[in-house]
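What follows is a single structure, written as structure tokens, with notes after it.
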Amino acid sequence: MEEQIEETRNLVATYGPEKIAETAARLHEEKAKQAMKNSREMPDYYRRVYERWYEWLSHIYDPFVKVLFFFLNGGFGGERRWRELIIEWLDPQPGEKILDICCGTGTLTIMLGERLAGTGEVVGIELSSAQLKIARKKQKPNNLTFMEGDAQDIPFSDCYFDKGVICGALHEMPREVRRNVLSEAYKVIGLGGKMVIFEHNKPDRKWKASLFDLLERFNPEYPTYKDLLKCGLVNEIERAGFRIIRTDITNWEYFQIVLAERSSL
26 MEEQIEETRN LVATYGPEKI AETAARLHEE KAKQAMKNSR EMPDYYRRVY ERWYEWLSHI
86 YDPFVKVLFF FLNGGFGGER RWRELIIEWL DPQPGEKILD ICCGTGTLTI MLGERLAGTG
146 EVVGIELSSA QLKIARKKQK PNNLTFMEGD AQDIPFSDCY FDKGVICGAL HEMPREVRRN
206 VLSEAYKVIG LGGKMVIFEH NKPDRKWKAS LFDLLERFNP EYPTYKDLLK CGLVNEIERA
266 GFRIIRTDIT NWEYFQIVLA ERSSL
């Protein structure tokens, strides 16, 4: 205790009380600004439910997806075929600007960059720093950028992108957040621009639906997944302003894919 008092006296003698008070106030202001920034970047629902979940999941996410789509999409290579289906529906063209919302570990984002053959621009935005850490370790084309951020506030001007994709993310979001993300996607996609959304689907067959419900109950996303099914994926996309062009049920009825268009300003 005496050593701490002596150290404080030495600091005051060296720098003066006004300088110390000024420094303390500046540090406090910087800490407050950082807290506000973190609050904007990390929504409350994500911090409470998903932050630690994704810190753990990110290490096994890619192998898990490979195993999942081995069973759901015809054996070896099923995972790549699933992503190629999304790209086929999106139909990226050389020189286009494409946004991958909630890009996760970046595999689809990289495939989109490769499809553009080094032209145009591909941006992947992701809230999980753990997921992005994996994404940034992968070899990627030079027309691709990964960005940490909240998809409710995409830092690009209106109509900046030609096309966009949201793959397996909307079911994780509370209703208000989900609708904010779709509205933000609508804002940054240009007039006539296309959007592909790939999401969970509850199968019509009872045994398949029961199996899916059983598996989902072990996930923290179960309540929001149920809410998305209640609201309806197509309804939510249309609510944001998009016009539905095409839909399909795939992968043993466990997933659905939607192609939509921004048809008005």
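With my numbering as the guide, the letters of the sequence shown map in order to residues 26 to 290.
For each residue, glycine too, the CB sits at the ideal point set by N, CA and C.
All figures in this text were calculated on a predicted structure; none of them were measured in a lab.
>> To test your reading of the DSSP string, which unbroken beta strand (DSSP E) runs of 3 or more residues are found completely within the region 220-281?
In response: 268-275
>> Check whether the region 245-258 and the region 192-200 are in contact - that is, three or more C-beta pairs closer than 8 Å.
In response: yes
> Glu-173: beta carbon under 7 Å from a heavy atom of the ligand COA?
Replying inline: This structure simply doesn't include the ligand COA, nor any ligand for that matter.
>> Using only the alpha-carbon positions, how far apart do Ile-111 and Gly-189 sit?
In response: The residue you call residue 111 lines up with position 86 of the sequence shown. The residue you call residue 189 lines up with position 164 of the sequence shown. Distance between the alpha carbons of Ile-111 and Gly-189: 11 Å.
> What three-state label does DSSP hand Gly-138 in the structure shown?
Replying inline: For the purposes of this step, residue 138 is taken as residue 113 along the sequence shown, with counting starting at 1. In the structure shown, Gly-138 sits in a helix (DSSP, three-state: H, G or I).
> At which residue ranges does the region 103-132 contain complete beta strand (DSSP E) runs of 3 or more residues, listed in the order of the chain?
Replying inline: 122-126
> At which residue ranges does the region 166-196 contain complete beta strand (DSSP E) runs of 3 or more residues, listed in the order of the chain?
Replying inline: 169-173, 186-192
> Are Gln-164 and Glu-209 touching if we call contact CB-CB under 8 Å?
Replying inline: To locate residue 164, count along the sequence shown from 1; it is residue 139. To locate residue 209, count along the sequence shown from 1; it is residue 184. The answer is no: Cβ separation not under 8 Å.
>> Just to confirm the assignment, what range does the beta strand (DSSP E) spanning Ile-150 have?
In response: Taking the sequence shown and counting its residues from 1, the one referred to as residue 150 is at position 125. 146-151 is the span of the beta strand (DSSP E), which, as asked, contains Ile-150.
> Sorted by chain position, which residues of the same chain lie with C-beta nearer than 8 Å to Met-67's C-beta, five sequence neighbours on each side aside?
Replying inline: In the sequence shown, the residue the question calls residue 67 occupies position 42. Excluding residues within five positions, the ones whose Cβ falls inside 8 Å are Glu-76, Leu-152, Asp-175.
> Where does Leu-207 sit, in a helix, a strand or coil, going by DSSP?
Replying inline: Residue mapping note: residue 207 aligns to position 182 of the sequence shown, counting from 1. The answer is helix: DSSP assigns Leu-207 an H, G or I state.
> Using DSSP with H/G/I as helix, E/B as strand and the rest coil, what is Ile-214?
Replying inline: Stepping through the sequence shown from its first residue, residue 214 is reached at position 189. The answer is strand: DSSP assigns Ile-214 an E or B state.
> Whose CA, out of Phe-267, Gly-100, Glu-80, lies closest to the CA of Lys-212?
Replying inline: As a first step, residue 212 is located in the sequence shown; it is residue number 187 there, counting from the start. Residue Phe-267 is the option with its Cα nearest to Lys-212.
> To the nearest angstrom, how far is it from the Cα of Ile-135 to the Cα of Gly-149?
Replying inline: Within the sequence shown, numbered from 1, the residue matching residue 135 stands at position 110. Within the sequence shown, numbered from 1, the residue matching residue 149 stands at position 124. Rounded to the nearest angstrom, the two C-alpha atoms are 9 Å apart.
>> Could you tell me the alpha carbon to alpha carbon distance between Ser-154 and Glu-173, rounded to whole angstroms?
In response: In the sequence shown, residue 154 corresponds to position 129, counting from 1. In the sequence shown, residue 173 corresponds to position 148, counting from 1. Straight-line Cα distance between these residues: approximately 7 Å.
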